[in-house]
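Under the working numbering, read the sequence shown as residues 137 to 285, first letter to last.
A virtual CB, placed ideally from N, CA and C, is assigned to each residue, including glycine.
The next block holds one structure in the form of structure tokens; read it before the comments.
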Amino acid sequence: MKLATSRILVQLSEQERNAVEAELAELNRQSQQLRGQQQHANQHITQLHRQRDQIMKQGNTASLLQAFNASLIEQQHVISIINNNIYQLEQQKQTILSRLKEACKTHHAYETVHHQEEHRQQRQMEMSSQRQLDDLIASRASARAASES
Numbered sequence: 137m138k139l140a141t142s143r144i145l146v147q148l149s150e151q152e153r154n155a156v157e158a159e160l161a162e163l164n165r166q167s168q169q170l171r172g173q174q175q176h177a178n179q180h181i182t183q184l185h186r187q188r189d190q191i192m193k194q195g196n197t198a199s200l201l202q203a204f205n206a207s208l209i210e211q212q213h214v215i216s217i218i219n220n221n222i223y224q225l226e227q228q229k230q231t232i233l234s235r236l237k238e239a240c241k242t243h244h245a246y247e248t249v250h251h252q253e254e255h256r257q258q259r260q261m262e263m264s265s266q267r268q269l270d271d272l273i274a275s276r277a278s279a280r281a282a283s284e285s
């Protein structure tokens, strides 16, 4: 593999890894947002329970209790939707983490090949330089031997 090709492969694999990392960051942001909504909904449910308990102690009308129960049911439904969305995000996150793992492996493999190619090319240049130096020394030695004879 040529050095330019290995360099391009390293750059492409790094771009892929960065894209996957950006996707993961976006999922984490969405997950944090959903967890905040989940916490807010749980706090709202707790507040509704307290208010319903107060109304029951005060002996208010059944229609008011029904309204609180309807609100509680609605909030529990919201919580279940949020929990489902969090679960789906976690599934996507696992998929992206496996893609990230593969992208990192690929990037590392391409970097290794690139470094090996750099080393091979450097060794080849050193050997070529050494051959040229040996040829120069040999030609000078033979010129000296020819001039002495």
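Please confirm whether residue i and residue j have their CB atoms less than 9 Å apart.
i	j	result
Gln173	Ile209	no
Leu233	Gln211	no
Leu236	Gln166	no
Arg143	His243	no
Leu170	Glu254	no
Lys229	Asn164	yes
Asn205	Arg186	no
Ser149	Tyr223	no
Along the chain, where does the alpha helix (DSSP H) that runs through residue i open and close?
i	result
Gly195	Counting along the chain, Gly195 falls outside any alpha helix (DSSP H), and DSSP gives it neither H nor E.
Compute the Euclidean distance between the alpha carbons of residue i and residue j, then round it to the nearest angstrom.
i	j	result
Gln202	Thr182	17 Å
Ala239	Val146	11 Å
Val156	Asn196	56 Å
Glu162	Gln168	10 Å
Ala158	Glu262	42 Å
Thr231	Gln151	18 Å
Gln268	Arg259	14 Å
Between which residues of its own chain and residue i is the CB-CB distance below 7 Å, once the five residues before and five after are set aside?
i	result
Gln227	none
Ignore the nearest five residues each way along the sequence and tell me which others in residue i's own chain have a CB closer than 6 Å to its CB.
i	result
Val214	Ala177
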